[in-house]
Structures are given as C-alpha cells and as structure tokens.
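Chains as they are written, first to last, in my numbering: chain A, 1 to 178; chain B, 1001 to 1477.
Structure, rendered in structure tokens:
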C-alpha cells in the first residue's frame, strides 16, 4: 500500500487488512481485478449473498468492480499500478446521505447516523493487500462482531483474485501457443 | 524475387532461427493493423535483438530489393506498419526492450524502442521518476518506439503534450545501416541530457511512421513522480458547455490529463459501472498531479472555479479508475461490451476551430445516419484537450473481426467509407492528425517547398525507398 488509505481513513475504529503473497506483475493484478466477477466471492467459504448486498452488489454475475461502483462506491484515490481506494457513505435509519463526489466529500463527512467505509486494494513487494476501514458513530462492540466477517470477506476476495490472475496467465500462455 | 527459403536462411543467419517467422498465418496476423484497411502479406517477420542486427537486416533487404516495414506493439489504426507490397520484411522490434540507462539526477532515461510503456513506468517508479508523457492507454502493449513514430497522446498530454515532446534524443538506423544519434548525445563528449543542440534532427524521426529510419532507442526526459493525484469530473448538457468546460480547464494549465466523452461513450462507461454517467450528454474529466497535497488542492479549486462555471460537478471515479490501471483500464471497459472493431478518426484543431470541428462531426453523422443504422454501426466520441489544442476522436464501432474475412462485409465497407469521409471533412478545416501512417493525407496538404524538402530528405536517408514505402505518402508506387 502507498498510504492512500491512511490519508482517507486514519484511525478508523474498524480496520482489517489481509495480505497474499503473489508473484504476479502489478498490471496482471489490476487486469484480474477488472475481470473478477462478484459471484466468485459467493463461491468462497463464508461470504454470503447478504454480505455482497451490504457492499451494494445487486448482481453477483456481474463484474465486481463495476458492481461496486454501480452500487454506490466512489473511487477516492489511486496510485498508478499500486493502489486504488473506493469508498461509500452509508446512512442508518432515516439519516440522509451526504453527496459523495470524491475524497473531499468523504473526508468532510461527519453527519450523524452515517458510516464511512473505505476499501483499498494494493500491490507491491510481491504482495497483494486488501484492506477495509469503517468509521461509524457508536460502533462500540459492533467492531468486534464485524471484524471476523470482514476478514473472511477480504480473504475470499484475495482467493478469488488469485484464481483470476492464474486464469489470466493460463489464457495468455494458451494464446502464445496458438 | 528472393525465395522464402533463401530469405529465411539469410535472415536467420543474422538474428537466429527462432526469431524469423515465415508461417503464412503468423505473417498475416502480424502484417495487419487495427484499421481493417488493406494490407499486403509480409514475406517474413524478423525480430532483431540488437541495433547491429537491425542494421544487418536493413543492409540485407536493401541488397535484395526488399522493403522493410517496422512493427512494434501493433496498435496502429492508420496502416503504419502494414506492408504495402509483396517482397516486404516486417521488422518486429519488440525484442529491443531494455532500459539502457537511467539518470534521475540529470533527468534522462535511455530505453530501447521495443520497451512497453508500462514496463518503463514501473522501472522508473523505483527511482522516483517518470517521463512527462508516460504512455498511451494501450501502454501495456504499445512500445516507446511505436508511440514516438505516431506522436501518440494520452497520459500526460494536457500537461506535457504528445509523446514526442518528452524526447531528448534518438538512436536511429538508416536504410543503409548508418547509425545516427540525435540530441546532445550526438556530441562526442556530451551526455544525452539536452535536445536542442543545433538543428533538431530528433524531430525528423518523430511522427515519421518509420519513413526516415528505424528507431532503436530513445532518450526521454524525466520528472519526479508526482506525489499526489486528484481527479475532478463534470457533466455538460450541451456541446457549448463541453467545449467551454474543456477549454477553461485546459487554460488553467494545471491539468495533467483532460478529456471528455459524448453521450454514446458515456452510455458505454455507464455499462462498465460508471452509472453516474448514464444519460449524460457530455462528460469532462481531469486529472491533476502535484508534488504536494496543498498544491493539488489549490489546483483542483482553480479547475472547479474556472471550468465549473459551464458544467455540473459529478463524482470523479472515472479519471481515478483510469489512473489506477492506466494501461489496462480502457481495455477493461471495452471488454464489458460485445466484441467489436473500433475505427477512430483523429483530428486536432486550435481552440478557435473547436466549435467548427464539433459541427463537422455532428453534420457528418447526421448525413450518414441512415447508413450507420442500416449496418448497425455505433459511434462513440472521445475528446482530449491541452492548453493549445482540442482533439476530437470519433470512433465507428461495428460487429466484425480483424482480418481479411469479414463477418459483415457490407458494414465493413460502409464503415471504412464513412471513416474516410470524416477525415476528409476534418482535413478541410485544417485539422492535424497524430498517427499519420499510410492513412491520412499528408504530402498533398503541404506547401510545395515543405513537400519538396521532405521528399529530398527521404531520398537522402533512404534512396532506394526501402523503409516503410507509403508511410507519410512517401515512396508510394
């Protein structure tokens, strides 16, 4: 990670990071990220359709990245071929959501009854990292409840990404032979 | 004519057996480009591994009366590398992919012409530097040499101009095997840190579509890698708003990348997840890079103040998505649609002619509306801006495959005719084109003295017309 997430969500009460050692080039990782289908996470242990719904993903057969954006996530920051951070502001109950056009709105948002979630994927040093941070008023014990589920979700994401990278490599090798 | 067997043996003696291809299917795949325009089949494809091997292949071709076409990443839409006649050897420079020297302190890197932009970017990042123009969006495939032959534009265009503006010098092999170095590197005792040493010989070989020599290496300027990148996007209801927003943002002088899309392109992007662009007639997107957060924020506010007068600010997911995976994101977006062939036409005009260019664009598509509909051809338009110029790039999108066999010959024929018509219309406005290749009119548009000088230069550096016959309209039968 290049520190973009720290600038956007430093000190978030819920911060969960999962790492995976992968020998893929950064371009291969980002290409796999763009090809990854939301349903690939459903197939992994512990990630339920309900979890995808919480991320705003309506169509598990669709591309994960496109589904996240269509579901309300906004790209907050990017470091070329190193890190991308998407974020969303969630509203609880009758609270209204503030506008979210980018990092300025995300940082400025302090409206009661809302939660800010930032999700980052980073590549570097032979590792791919996925990290989620959540800041919500009155989270309290909720953080302890959420942490294992979030960790499981991030691990499922990395599993799916690793499979997609391998599929991409097989496809390239196949094309080369042909 | 040289027999294929002899040709293979001769070329293999220079570059090694494994780097010569004469298989017809492979030759056809490598001979064509992305334009669906006609091409001749190369007799052989040869991949040299050094500048000496390039010189030896050129000498061999010249002796045998063969033509040479130079292919790099193969991303040409203007027949740049395609052979125009039988008896052509296609020189594949992708083995020349090394970074030869990196000097961050003096601000230059020398890289072989077959190096891909993504490879170069990642290597330079380790040193905390980058080239000012840092690649086309196809930079995962496109090479430095290919881009420089075509004046490629995109990443860094608004802030630093087209690819050629980042060049300090070149290493070129002429048709007779002569090695030429340009820029300060041509000085017997100097490093290649400066371009402007006497007449600008570097410029002769930039945007030349390979007509004047084979680029084997380039020395590019370096800048510190920007520490902060922020994006801003706008939605515009009308073409006037689009142009005013792009021009105002360009004139701030703080944008690194500045581009926009028309409604059909926005619909495509919407389908790829950027749903905030759904139903948007025109969108504008800017990327601002800076050495420090405070500078980036001040620049962002400047763009908002100047450009925001003419448009509504929307979320900036698109420019940041593109910058996250700069050499793969657009391909990923296209992949969300059904497979299709894209035929873009590029035209660059001064800001005072931008409205006229938009009118030409609208008029052409109005007049061709029936044919477009009949053949199921869609149109998407991309705009790119810099302080000095407006770039419009409409693309015709049709259900077809690359190659000679068409799934829909009538649609292909119609698309090629409409594309030609578009370029003629833009030409009448005095538009410039990057990627001249063998497609756009070039020589006929030049003043007589300029044309004569170019033809004499070609006769000097390539007297037998060995190199890229037809490129820039030079050496056409």
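We treat Cβ as the ideally placed atom computed from N, Cα and C, and that holds for glycine.
Beta carbon proximity, residue i to chain A, threshold 8 Å
i	result
residue 1058/B	no
residue 1365/B	no
residue 1326/B	yes
residue 1153/B	no
residue 1231/B	yes
residue 1336/B	yes
residue 1028/B	no
residue 1135/B	no
residue 1359/B	no
residue 1273/B	yes
residue 1315/B	yes
residue 1288/B	no
residue 1122/B	yes
residue 1126/B	no
residue 1140/B	yes
Strand pairing of residue i, partner residues [DSSP]
i	result
residue 1393/B	1382/B
residue 1112/B	1217/B
residue 1121/B	For residue 1121/B, which the question treats as bridged, DSSP gives no partner whatsoever.
residue 110/A	Beta-bridge pairing links residue 110/A to no other residue.
residue 131/A	17/A, 120/A
residue 1432/B	1348/B
residue 1135/B	1155/B
residue 1398/B	1341/B
residue 1229/B	1289/B
residue 1143/B	1116/B
Min CB distance residue i to chain B below 8 Å
i	result
residue 176/A	Confidence at residue 176/A is low in this model, with a pLDDT of 45, below 50, so the placement of that residue is unreliable and no value is reported for it.
residue 77/A	yes
residue 74/A	yes
residue 106/A	no
residue 156/A	no
residue 24/A	no
residue 31/A	yes
residue 96/A	no
residue 60/A	no
residue 111/A	no
residue 122/A	no
residue 34/A	yes
residue 10/A	no
residue 17/A	no
Delimiting residues of the alpha helix (DSSP H) encompassing residue i
i	result
residue 1027/B	1024-1031
residue 26/A	26-35
residue 1360/B	1354-1367
residue 39/A	39-42
residue 1427/B	1409-1428
residue 1450/B	1448-1461
residue 78/A	Residue 78/A -> not in any alpha helix (DSSP H); beta strand (DSSP E) instead, spanning 74-79.
residue 19/A	First-last for residue 19/A: 14-21, but that is the beta strand (DSSP E), not the alpha helix (DSSP H).
residue 1066/B	Counting along the chain, residue 1066/B falls outside any alpha helix (DSSP H), and DSSP gives it neither H nor E.
residue 70/A	64-70
Span of the beta strand (DSSP E), counted from its first residue to its last, around residue i
i	result
residue 1203/B	No beta strand (DSSP E) contains residue 1203/B, which is instead part of the alpha helix (DSSP H) from 1201-1204.
residue 1283/B	1282-1290
residue 87/A	83-91
residue 8/A	Premise fails: residue 8/A lies in the alpha helix (DSSP H), 4-9, not in any beta strand (DSSP E).
residue 1045/B	1044-1046
residue 1089/B	1088-1092
residue 57/A	Where residue 57/A is concerned, there is no enclosing beta strand (DSSP E), given that its DSSP letter is neither H nor E.
Within chain C, partners of residue i - CB distance below 7 Å
i	result
residue 66/A	Absent from the structure: chain C. Protein chains present are A and B.
Contact between the stretch 1180-1198 of chain B and the stretch 1097-1113 of chain B is defined here as three or more beta-carbon pairs at a separation below 8 Å; is this criterion met?
yes
Entirely enclosed beta strand (DSSP E) segments - the stretch 1305-1333 of chain B, minimum 3 residues:
1312-1314
Answer yes if the stretch 77-94 of chain A comes into contact with the stretch 1320-1331 of chain B, meaning at least three C-beta pairs across the two stretches below 8 Å, and no otherwise.
yes
Check whether the stretch 1303-1311 of chain B touches the stretch 1239-1246 of chain B, taking contact to mean three or more Cβ pairs, one atom from each stretch, closer than 8 Å.
yes
Would you check if the stretch 53-66 of chain A and the stretch 92-107 of chain A touch, i.e. whether three or more CB-CB distances between them fall below 8 Å?
no
Enumerate, from N- to C-terminal direction, the unbroken beta strand (DSSP E) stretches of 3 or more residues contained entirely within the stretch 1232-1266 of chain B.
1257-1262
Whole beta strand (DSSP E) runs in the stretch 1163-1202 of chain B with 3 or more residues, listed along the chain?
1167-1173, 1179-1181
Would you check if there are 3 or more beta carbon pairs closer than 8 Å linking the stretch 1020-1033 of chain B to the stretch 1041-1058 of chain B?
yes
Is it the case that the stretch 1125-1143 of chain B contacts the stretch 1222-1239 of chain B, given that we only count it when at least three CB pairs across the two stretches are under 8 Å?
yes
For the 8 Å Cβ check, are there 3 or more pairs between the stretch 1154-1173 of chain B and the stretch 116-132 of chain A?
no
Below 8 Å, can you find three or more Cβ-Cβ pairs linking the stretch 1419-1434 of chain B to the stretch 1353-1368 of chain B?
yes
Under 8 Å, with one C-beta from each stretch per pair, do the stretch 147-154 of chain A and the stretch 22-35 of chain A reach the 3-pair mark?
no
Would you check if there are 3 or more beta carbon pairs closer than 8 Å linking the stretch 1248-1268 of chain B to the stretch 1296-1308 of chain B?
yes
Can at least three beta-carbon pairs, one atom from the stretch 1087-1095 of chain B and one from the stretch 1045-1057 of chain B, be found at a separation below 8 Å?
yes
Taking contact to mean at least 3 C-beta pairs separated by less than 8 Å, is the stretch 1017-1025 of chain B in contact with the stretch 1061-1079 of chain B?
no
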